[in-house]
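Chains as they are written, first to last, in my numbering: chain C, 23 to 329; chain U, 348 to 866; chain Z, 92 to 366.
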Amino acid sequence: MLGSFLLRAVRMLATLFVVAVAVFIMMRFSGDPVSALAGPDATPEQVAEIAARWGYDRPLPEQFLTYIADTLRGDFGLSVRSYEPASAVFLERVPATLLLGLMSLLCAVLIGMPLGIIAAVNQHSAYDRFVMGLSVLGFAMPNFFLGILLILIFSLYLHLLPSFGSGTWQHLVMPVATLSLSSAGAIARFARSCMLDVLNQPYVASARARGIPGFRRTIVHALPNASIPIVTILGLRFGDLIAGAIIVETVFAWPGVGRLLAASVASRDLAVVQVIVLSTALTMILANLAVDLLYGVLDPRVRRSSR
Amino acid sequence: MNKFITATATVVALATATVVPVLAQDDRPILTIGVQSLSDGFDPSLNISNAGQRITASIFDKLISRAYWGNESGAGAELVPSIATAWRQVSDTQWEVDIRTDVVFQDGTPMTAEDVAFSFGEQMMWGPDRIYKAGSTYYGTFTDVSVVDEDTVSFTTKAPDPIFPARFTSPLGMVVPKAYFLEQGIEGFNLKPIGTGPYKLEEYKPDEYVRLVSNDKYWGGLPPAREIIFREIPEEAGRITGLLNGELDMIVSITPDQQAFIDSSGVATVKPVVIDNSRVVALNTFEPPMDDKYLRQALVWAVDREAIVDALWGGQNRIPHDFNFVSHGEDYLADRPNEHYDLEEAKELLAKSDYNGEELIFRIQGGYYANYEQVAQVLQQQWKEAGINVKIEIRDTFDEVTAPGKHMFAHSNGVQIPDITHPLVNIYGPEGIRVRSDAAGYSWDPSPEFLDLISKLETTVDHDARIGVYEQLLDILDDERPQIELFQAMEYYGVRNGIEWKPYSFWPMDFRSYNLKFD
Amino acid sequence: MKMPVLTRIAVSFLVLIAFCAVFANFLAPLDPLHTNLLARLKPPVFAGGTWANWLGTDELGRDTFSRLLYALRTSLLIAAIGTAIGAIIGTTLGFTAAHFRGATEQIIMAAVDFQAAVPFIILVMFVLAVLGNSMVVFLVLIGFAGWEVYTRLARGLVLSARQRNYVMALEGLEMSWPTIYARHVLPNIASAIIVQLTLNFPATILLETGLSFLGLGVQPPDTSLGLMLGEGRNYLLQAWWLSVLPGLAIFFTTLSMSILGDWLRDRLDPLSQAR
Numbered sequence: 023m024l025g026s027f028l029l030r031a032v033r034m035l036a037t038l039f040v041v042a043v044a045v046f047i048m049m050r051f052s053g054d055p056v057s058a059l060a061g062p063d064a065t066p067e068q069v070a071e072i073a074a075r076w077g078y079d080r081p082l083p084e085q086f087l088t089y090i091a092d093t094l095r096g097d098f099g100l101s102v103r104s105y106e107p108a109s110a111v112f113l114e115r116v117p118a119t120l121l122l123g124l125m126s127l128l129c130a131v132l133i134g135m136p137l138g139i140i141a142a143v144n145q146h147s148a149y150d151r152f153v154m155g156l157s158v159l160g161f162a163m164p165n166f167f168l169g170i171l172l173i174l175i176f177s178l179y180l181h182l183l184p185s186f187g188s189g190t191w192q193h194l195v196m197p198v199a200t201l202s203l204s205s206a207g208a209i210a211r212f213a214r215s216c217m218l219d220v221l222n223q224p225y226v227a228s229a230r231a232r233g234i235p236g237f238r239r240t241i242v243h244a245l246p247n248a249s250i251p252i253v254t255i256l257g258l259r260f261g262d263l264i265a266g267a268i269i270v271e272t273v274f275a276w277p278g279v280g281r282l283l284a285a286s287v288a289s290r291d292l293a294v295v296q297v298i299v300l301s302t303a304l305t306m307i308l309a310n311l312a313v314d315l316l317y318g319v320l321d322p323r324v325r326r327s328s329r
Numbered sequence: 348m349n350k351f352i353t354a355t356a357t358v359v360a361l362a363t364a365t366v367v368p369v370l371a372q373d374d375r376p377i378l379t380i381g382v383q384s385l386s387d388g389f390d391p392s393l394n395i396s397n398a399g400q401r402i403t404a405s406i407f408d409k410l411i412s413r414a415y416w417g418n419e420s421g422a423g424a425e426l427v428p429s430i431a432t433a434w435r436q437v438s439d440t441q442w443e444v445d446i447r448t449d450v451v452f453q454d455g456t457p458m459t460a461e462d463v464a465f466s467f468g469e470q471m472m473w474g475p476d477r478i479y480k481a482g483s484t485y486y487g488t489f490t491d492v493s494v495v496d497e498d499t500v501s502f503t504t505k506a507p508d509p510i511f512p513a514r515f516t517s518p519l520g521m522v523v524p525k526a527y528f529l530e531q532g533i534e535g536f537n538l539k540p541i542g543t544g545p546y547k548l549e550e551y552k553p554d555e556y557v558r559l560v561s562n563d564k565y566w567g568g569l570p571p572a573r574e575i576i577f578r579e580i581p582e583e584a585g586r587i588t589g590l591l592n593g594e595l596d597m598i599v600s601i602t603p604d605q606q607a608f609i610d611s612s613g614v615a616t617v618k619p620v621v622i623d624n625s626r627v628v629a630l631n632t633f634e635p636p637m638d639d640k641y642l643r644q645a646l647v648w649a650v651d652r653e654a655i656v657d658a659l660w661g662g663q664n665r666i667p668h669d670f671n672f673v674s675h676g677e678d679y680l681a682d683r684p685n686e687h688y689d690l691e692e693a694k695e696l697l698a699k700s701d702y703n704g705e706e707l708i709f710r711i712q713g714g715y716y717a718n719y720e721q722v723a724q725v726l727q728q729q730w731k732e733a734g735i736n737v738k739i740e741i742r743d744t745f746d747e748v749t750a751p752g753k754h755m756f757a758h759s760n761g762v763q764i765p766d767i768t769h770p771l772v773n774i775y776g777p778e779g780i781r782v783r784s785d786a787a788g789y790s791w792d793p794s795p796e797f798l799d800l801i802s803k804l805e806t807t808v809d810h811d812a813r814i815g816v817y818e819q820l821l822d823i824l825d826d827e828r829p830q831i832e833l834f835q836a837m838e839y840y841g842v843r844n845g846i847e848w849k850p851y852s853f854w855p856m857d858f859r860s861y862n863l864k865f866d
Numbered sequence: 092m093k094m095p096v097l098t099r100i101a102v103s104f105l106v107l108i109a110f111c112a113v114f115a116n117f118l119a120p121l122d123p124l125h126t127n128l129l130a131r132l133k134p135p136v137f138a139g140g141t142w143a144n145w146l147g148t149d150e151l152g153r154d155t156f157s158r159l160l161y162a163l164r165t166s167l168l169i170a171a172i173g174t175a176i177g178a179i180i181g182t183t184l185g186f187t188a189a190h191f192r193g194a195t196e197q198i199i200m201a202a203v204d205f206q207a208a209v210p211f212i213i214l215v216m217f218v219l220a221v222l223g224n225s226m227v228v229f230l231v232l233i234g235f236a237g238w239e240v241y242t243r244l245a246r247g248l249v250l251s252a253r254q255r256n257y258v259m260a261l262e263g264l265e266m267s268w269p270t271i272y273a274r275h276v277l278p279n280i281a282s283a284i285i286v287q288l289t290l291n292f293p294a295t296i297l298l299e300t301g302l303s304f305l306g307l308g309v310q311p312p313d314t315s316l317g318l319m320l321g322e323g324r325n326y327l328l329q330a331w332w333l334s335v336l337p338g339l340a341i342f343f344t345t346l347s348m349s350i351l352g353d354w355l356r357d358r359l360d361p362l363s364q365a366r
């Protein structure tokens with residue numbers, strides 16, 4: 023167990039290193055940061071000025087070594103947009119995105135799981151059909167379209183909610199609704215399917231034969247086993263929420279990491295992109311690790327085999 | 348009882364009398380503006396995009412102002428005093444500028460002639476190691492800037508400079524505090540700017556908002572808004588909803604098709620303004636078959652600009668007229684012929700050319716110029732009718748747009764100085780951004796004759812002779828066709844009813860007391 | 092093979108749109124690129140328009156119906172190829188990892204970690220910027236979206252299946268591993284993978300939609316359902332059909348896929364058959 027954990031940790035660090043190298047290579051080969059900063063109407067002097075100021079005039083290998091050395095020291099450099107340490111720029115935005123992301127994940131689970139489980143228990147009923155139609159609707163609605171639709175309905179016509187920004191719970195309603203709806207749809211679908219798998223297992227049938235009541239059968243016997251694949255998908259949906267944040271934060275002018283990332287990539291702000299990508303990568307790796315550990319806890323068979 | 352009331356009233360009246368300025372200050376509204384993007388900094392000479400200029404215009408003052416407000420379309424070209432009170436030519440190559448002595452920077456330090464001389468001096472604008480590389484575009488003709496006395500600054504130019512005072516109306520014409528600038532350095536100043544303008548930068552949250560507060564000691568009178576907040580709202584639907592919901596007082600960058608909807612709301616009105624910047628297709632004369640003059644001419648005649656402008660801007664936009672802009676004031680040559688759509692002419696020219704149906708690559712930087720991508724798709728169809736096969740490629744950065752292989756690319760010609768030399772010299776002069784071989788937009792080599800005329804244009808003082816040279820230059824361009832001018836940039840501002848404010852024909856938004864009133 | 096009515100409708104719809112997509116060039120009444128500035132934003136025939144453009148026109152006066160057909164072609168092609176690449180590569184790698192364990196598994200899972208660790212949108216931004224945004228690059232890129240989900244899913248399911256009695260029994264019978272996987276394990280875990288597939292196919296359409304919103308998807312003058320929806324969003328108040336029609340196409344495609352997926356799941360799952 024300890025050995026496999028160490029192996030896991032080494033792999034984690036290796037992944038992070040590969041991500042850091044990949045960020046540099048991709049940022050440098052995906053267009054000249056100087057021209058991105060200067061824009062089309064700049065004179066060559068303005069371009070040279072920007073290049074010299076940020077060290078983009080030095081040879082690439084030198085830039086790369088400096089970058090790696092600084093990264094290892096935990097120094098991510100200054101943002102070319104704000105001249106502040108990239109990590110500070112990033113950290114300032116984290117709470118907003120975390121709030122949005124966690125609230126959305128929570129809502130998605132609270133809505134999606136029960137709907138899916140009840141649908142599975144009542145397979146082929148009208149309720150089942152309705153929930154599945156609803157989940158497809160949530161899933162098939164592009165984030166930005168739903169967001170704009172909500173703005174037009176709840177802000178423009180009904181004057182119920184503020185149309186942009188953050189600060190109060192009212193500001194949170196539409197972005198969270200937008201982000202969680204598609205996730206809730208996917209979770210409901212997946213929960214239903216996993217639950218059906220388990221409900222059809224012999225041991226559930228035997229529980230039924232032993233006269234254990236339906237509700238108890240579902241919750242105590244079926245749910246723990248059905249939750250294994252559901253947990254896997256949850257970990258992966260976390261990444262979707264981050265990607266979705268880029269779009270939803272743009273639509274609702276929500277001051278989070280997603281917009282920072284989009285703006286930083288557009289202006290080739292290497293330092294900030296690097297901090298965001300590395301932090302996201304770390305979070306995702308940890309989330310996946312957590313999922314794997316949960317997997318082991320929830321499924322005794324895997325626990326046994328990895329021992 | 349009555350006595351008491353009277354006494355109280357008297358006390359209140361007395362108190363009010365002394366406190367009036369403070370109370371008035373509190374009564375002034377906060378102006379919230381929804382913008383599509385914010386600039387990354389506020390140094391006026393570094394942030395010259397629309398996102399930058401609309402904010403820096405309130406923080407800084409120009410040495411000499413252009414009275415945009417002077418005509419109906421917000422494109423007045425008259426030069427008026429600002430920090431400078433008067434200017435005069437003392438010899439062929441020397442000018443003296445008188446400056447105000449009652450101006451105080453937002454940090455409380457008085458503005459001096461020293462600050463003015465520094466702002467436009469060798470170190471900042473025109474020396475070989477100048478801080479603003481772009482400064483040479485506007486002040487490259489200077490050889491000396493020095494303080495004469497506490498309210499006079501003297502400028503010396505290499506050759507007679509007929510447009511000397513107009514140079515200060517460019518985006519690089521702001522007066523900055525010398526000591527503070529040197530102490531902060533270029534990066535520090537960019538984020539914590541101090542100017543002489545009516546509003547002071549108080550708070551900046553990248554991608555979120557910029558908050559300016561009133562500079563109550565502004566030399567030009569008390570600013571009408573207590574605070575101005577620029578809020579970044581990238582989605583148009585969000586900005587429009589915010590405006591109609593009363594969350595925003597003003598919004599920028601609305602598409603023309605939304606005008607009727609906003610106007611019909613009864614809450615806000617759209618104010619469109621034609622900007623001193625024409626959107627063009629730069630033709631890359633180096634990439635065969637574009638080296639063929641007849642092909643370039645055919646491309647021009649095949650474009651129905653009137654149809655495009657009528658349909659996409661409801662006729663509110665103007666068709667550009669060579670390098671000849673309404674902003675050139677009295678020098679605008681309204682009678683000069685402007686090319687028009689003539690499919691037959693285009694086909695004839697095409698027959699004269701060596702063009703054989705090759706696919707021409709037309710590159711555009713995605714999302715950079717408003718409406719450009721739509722127009723390009725119409726152009727593609729119009730060229731197809733003339734028998735020219737054009738492929739549109741949308742790219743992320745200007746670097747990718749100008750990478751080898753393009754036959755034409757999206758570009759613009761902006762008037763930075765209200766004089767006929769601009770933007771002609773910036774674009775096609777010897778140092779122009781489509782002529783210098785080290786510029787990304789390098790796409791045409793003008794003849795020596797053309798370059799001679801350019802230098803004549805820059806130094807000729809006699810008005811009529813100047814116009815003559817100018818027309819000769821335009822004639823050469825009309826024959827050579829290194830570009831196709833498509834449409835003028837337009838800005839559609841949404842303004843809440845009850846706010847009186849006039850948009851200008853360039854990116855600065857002016858919130859000084861003469862241009863902003865609340866009902 | 093008995094099919095419920097709902098499934099029949101879903102399958103018919105999928106066949107219909109596939110037909111429309113394949114024969115778009117024959118079915119489209121007008122050139123989807125032809126602009127007509129005098130006929131901008133004309134409504135569909137059921138909203139007061141004319142039969143000349145029975146689903147209306149867009150902001151450049153192009154025929155919405157013709158553009159919808161071509162958009163369908165682009166989007167379905169992207170979704171089909173993208174899903175297929177991801178599912179095949181991903182599932183194969185998942186089986187490989189679960190079978191060989193050890194170093195092979197570590198390397199595959201490290202690749203999964205990398206893919207899962209970097210938000211896909213960032214990857215797309217960079218790759219498109221490096222290679223330029225052509226349809227081929229875009230298709231391959233979309234194929235790489237989500238392969239790691241299949242790998243994780245397949246690996247987990249195979250690991251779990253290998254502990255089950257029937258696989259142990261087959262192993263005892265000295266049946267070869269490829270045979271055991273292909274004949275016995277794959278069908279048993281297929282339900283989860285098929286559900287993932289039916290989620291992934293529309294997810295791919297939606298990924299393309301999101302990328303179009305950010306300006307990274309299919310580029311004009313080509314079009315796709317996502318691009319139409321993205322461009323139409325600014326006209327929701329004036330010309331709802333520009334966004335609602337491609338939106339409905341996306342919705343019904345997704346719904347039909349999921350109905351089909353459910354039915355397939357029931358068919359392929361031996362336990363639910365026995366019921």
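Even glycine gets a Cβ: it sits at the ideal position worked out from N, Cα and C.
Identified DSSP bridge partners for residue i
i: Phe314 of chain U; result: Residue 314 of chain U falls outside the range modelled here, since chain U spans only 348 to 866, and no answer is possible.
i: Phe756 of chain U; result: U:Ala629 and U:Arg710
i: Ala309 of chain C; result: Answer by DSSP bridge pairing: none, since Ala309 of chain C is not bridged.
i: Thr616 of chain U; result: U:Val842
i: Ser412 of chain U; result: U:Val427
Any C-beta of chain U under 8 Å from that of residue i
i: Leu292 of chain C; result: no
i: Phe146 of chain C; result: Note that residue 146 of chain C is His in the sequence shown, not Phe. Chain U, which has no Cβ nearer than 8 Å to the Cβ of His146 of chain C, makes this no.
Beta-carbon separation (whole angstroms), residue i vs residue j, contact threshold 8 Å
i: Ile284 of chain Z; j: Thr182 of chain Z; result: 6 Å
i: Asp445 of chain U; j: Thr432 of chain U; result: 5 Å
i: Asp387 of chain U; j: Pro553 of chain U; result: 7 Å
i: Glu832 of chain U; j: Val620 of chain U; result: The Cβ separation is near 19 Å, so there is no contact.
Any chain Z beta carbon closer than 8 Å to residue i
i: Phe608 of chain U; result: yes
Interface flag, residue i vs chain C, CB-CB below 8 Å
i: Leu591 of chain U; result: yes
i: Glu555 of chain U; result: yes
i: Ile284 of chain Z; result: no
Residues, ordered as in the chain, of the region 102-130 of chain Z that lie near chain C by beta-carbon distance below 7 Å
Listed by position, the residues of the region 102-130 of chain Z near chain C (Cβ gap below 7 Å) amount to none.
Closer than 8 Å, Cβ to Cβ, to anything on chain C: give me those residues from the region 563-584 of chain U, in chain order.
Listed by position along the chain: Arg578, Glu579, Ile580, Pro581, Glu582 and Ala584.
Residues in the region 128-156 of chain Z with C-beta within 9 Å of chain U's C-beta atoms, listed in sequence order?
Those residues of the region 128-156 of chain Z placed with their C-beta closer than 9 Å to a C-beta in chain U are Leu128, Leu129, Arg131, Leu132, Glu150, Leu151, Gly152 and Arg153, ordered along the chain.
Looking at C-beta atoms only, is the number of pairs between the region 97-113 of chain C and the region 281-301 of chain C that lie closer than 8 Å three or more?
These segments touch.
Pairs of beta-carbons, one from the region 250-270 of chain Z and one from the region 199-218 of chain Z, closer than 8 Å: are there three or more?
No, because fewer than three Cβ pairs between the region 250-270 of chain Z and the region 199-218 of chain Z fall closer than 8 Å, the two stretches do not touch.
Where the region 525-551 of chain U meets chain C: residues whose CB sits under 9 Å from a CB there:
Only Ile533, Glu534, Gly535, Asn537, Leu538 and Tyr551 from the region 525-551 of chain U bring a Cβ to less than 9 Å from some Cβ of chain C.
Using a Cβ-Cβ cut-off of less than 7 Å, give me the residues of the region 384-403 of chain U that come near chain D, in sequence order.
Within the model displayed, chain D is absent; protein chains C, U and Z are what it includes.
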